[in-house]
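Enquirer:
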């Protein structure tokens, strides 16, 4: 619908909506559940979903799609080295984030002694920073998608490492959570645009593979975080997040270096 740089902005707006929904949805569901019961929260979500679907059908124009990609075409995409590296970087950063974030609340409860409303405010701050990161990530990706992904992994690695070091210091804990939330907000927009740019007009196939990678990473990250935190404590989940961020950063740097060498050779 919006090609080129306008498409980048449009993608950023859409993903910002996802971030805002994530931030607002949990407290909204909690309020509805406390006022009218948990069934009402689920019923409200169902009604809103149907309403949004009807609005999409009514107001969004029909667009021609690509020819359906078969299994062989999907495997061919996954066989390309630069695509594999992109997916590996995305998988690692999502696994790391959700391994750590799933257990952020009990981690700060145990080591920072933050409870109740203060914990809710901390998580809400994380969500607001994610919205800002999404918009900033879109602007950075419009200039250089690979560089924006590299910056995101650096911020993620730095914030998780700082969290391990300064969780007991309330003056530093909040800024660290802000940086982590900002980095998380950058993940969807930067990784998607990076993949779009490398798709060579095979956007739907690459997008389908990326969605598979992301969904597997979200579930896998939470599972891995649960296993390690159950055996070694909540700190281990944060360590896993930092290690995955470091590996993702290395993968992105390797992809950028290979791409630069390829351009030099082709000149």
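Residue numbers (my numbering): 390 to 656.
For each residue, glycine too, the CB sits at the ideal point set by N, CA and C.
Three Cβ pairs or more, each shorter than 8 Å: is that satisfied between the segment 474–486 and the segment 631–639?
Expert: With a cut-off of 8 Å, the segment 631–639 and the segment 474–486 count as touching, because enough Cβ pairs lie within range.
Enquirer: Can you check whether the CB of residue 622 is closer than 7 Å to the CB of residue 574?
Expert: Working through the chain shown from its first residue, we reach residue 574 at position 185. Working through the chain shown from its first residue, we reach residue 622 at position 233. Cβ atoms of residue 574 and residue 622: not closer than 7 Å.
Enquirer: Just checking, does the segment 599–613 make contact with the segment 514–534 on the three C-beta pairs under 8 Å criterion?
Expert: Too few Cβ pairs lie closer than 8 Å, so no.
Enquirer: Does the segment 512–519 touch the segment 563–571, meaning 3 or more C-beta pairs lie closer than 8 Å?
Expert: Counting Cβ pairs under 8 Å, three or more are found: they touch.
Enquirer: For residue 556, which of helix, strand or coil comes out of DSSP?
Expert: Position 167 of the chain shown holds residue 556. Coil.
Enquirer: Touching or not, the segment 570–587 and the segment 534–551, by the rule of three or more beta carbon pairs under 8 Å?
Expert: The segment 570–587 vs the segment 534–551: in contact.
Enquirer: When the Cα atoms are used, what is the spatial distance from residue 422 to residue 440?
Expert: Locating residue 422 in the chain shown gives position 33, counting from the first residue. Locating residue 440 in the chain shown gives position 51, counting from the first residue. Answer to the nearest angstrom: the Cα atoms are 20 Å apart.
Enquirer: Taking the alpha-carbon positions, what's the residue 437 to residue 516 distance?
Expert: Taking the first residue of the chain shown as position 1, residue 437 is located at position 48. Taking the first residue of the chain shown as position 1, residue 516 is located at position 127. So the alpha carbons of these two residues sit roughly 21 Å apart.
Enquirer: Output yes or no for whether 7 Å exceeds the beta carbon distance between residue 530 and residue 607.
Expert: Here residue 530 refers to the residue found at position 141 when the chain shown is read from its first residue. Here residue 607 refers to the residue found at position 218 when the chain shown is read from its first residue. Cβ distance not < 7 Å, so residue 530 and residue 607 don't count as in contact.
Enquirer: Please name the residue, chosen from 506, 578, 561 and 475, that lies closest to residue 645 on a Cα-to-Cα basis.
Expert: Within the chain shown, the letter at position 256 stands for residue 645. Considering only alpha carbons, the answer is 475.
Enquirer: Is the beta carbon of residue 489 closer than 7 Å to that of residue 630?
Expert: The residue you call residue 630 lines up with position 241 of the chain shown. The residue you call residue 489 lines up with position 100 of the chain shown. Yes, the Cβ-Cβ distance between residue 630 and residue 489 is below 7 Å.
Enquirer: When burial is assigned at 16 or more other CB atoms within 10 Å of the CB, is residue 447 buried or exposed?
Expert: Counting from 1 along the chain shown, the entry for residue 447 is found at position 58. Classification for residue 447: exposed.
Enquirer: How many Å lie between residue 432 and residue 418 at the Cα?
Expert: If you number the chain shown from 1, residue 432 lands on position 43. If you number the chain shown from 1, residue 418 lands on position 29. Approximately 10 Å between the Cα atoms of the pair.
Enquirer: Below 8 Å on the Cβ atoms is my contact criterion, and I expect residue 610 with residue 492 to pass it. Report the Cβ-Cβ distance as a whole number of Å.
Expert: In the chain shown, counting from the first residue as 1, residue 610 sits at position 221. In the chain shown, counting from the first residue as 1, residue 492 sits at position 103. Actually they are not in contact, since the Cβ atoms of residue 610 and residue 492 sit about 11 Å apart, beyond 8 Å.
Enquirer: So residue 479 and residue 599 are in contact, right, with Cβ under 8 Å, and what is the actual spacing, rounded?
Expert: For the purposes of this step, residue 479 is taken as the residue at position 90 of the chain shown. For the purposes of this step, residue 599 is taken as the residue at position 210 of the chain shown. Confirmed, about 7 Å.
Enquirer: What's the gap between the Cα of residue 558 and the Cα of residue 500?
Expert: Residue mapping note: residue 558 aligns to position 169 of the chain shown, counting from 1. Residue mapping note: residue 500 aligns to position 111 of the chain shown, counting from 1. Taking the straight line joining both Cα atoms gives about 10 Å.
Enquirer: If you reduce the DSSP assignment to three classes, tell me which class residue 491 lands in.
Expert: In the chain shown, counting from the first residue as 1, residue 491 sits at position 102. If DSSP states are grouped into helix, strand and coil, residue 491 belongs with coil.
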